[in-house]
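Colleague: According to the working numbering, the residues represented by the sequence shown are 21 to 99, in order. One structure follows; several queries about it will come next.
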Amino acid sequence: MLSEKRIVLGVSGGIAAYKSIEISRRLVDAGAFVSPIMTAAAKKFVGEVTLSALASEPVKSSLWEDEDPIPHTTLGQEP
């Protein structure tokens with residue numbers, strides 16, 4: 021159903037951030053390509069490594085640490 025679809029999963033700092041782990045797992049199981057994005061505050065509730073392991077690619081949390089000069093423009097493109 022979600023095969024070949026990219027889902028950008030944004031996680032912000034709040035107690036419900038832990039739900040992003042299950043959401044990511046279910047989306048990947050349904051065939052989606054999950055691109056996780058976390059705020060600095062979200063990292064206080066959910067481990068970056070945990071979410072990266074369950075998503076389709078590593079967590080992005082900064083515009084400045086990616087080798088792509090404009091990473092926000094590639095988020096909406098097909099995987």
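By construction, the Cβ of each residue, glycine as well, lies at the ideal position given by its N, Cα and C atoms.
If you draw a straight line from the C-alpha of Val-79 to the C-alpha of Pro-56, how long is it?
Modeller: Rounded to whole angstroms, Val-79 to Pro-56 spans 5 Å at the Cα level.
Colleague: Looking at the structure shown, is Val-48 part of a helix, part of a strand, or coil, going by DSSP?
Modeller: Reduced to three states, the DSSP call for Val-48 is helix.
Colleague: Are the beta-carbon atoms of Ala-73 and Ser-40 separated by less than 9 Å?
Modeller: Not a contact, by the Cβ cut-off of 9 Å.
Colleague: Within the continuous alpha helix (DSSP H) that includes Leu-74, where are the two ends?
Modeller: Looking at the DSSP string, the run of the alpha helix (DSSP H) that includes Leu-74 is 68 to 74.
Colleague: When DSSP labels each residue in this structure, what does Ser-23 get in the three-state scheme?
Modeller: Three-state DSSP puts Ser-23 in coil, outside helix and strand.
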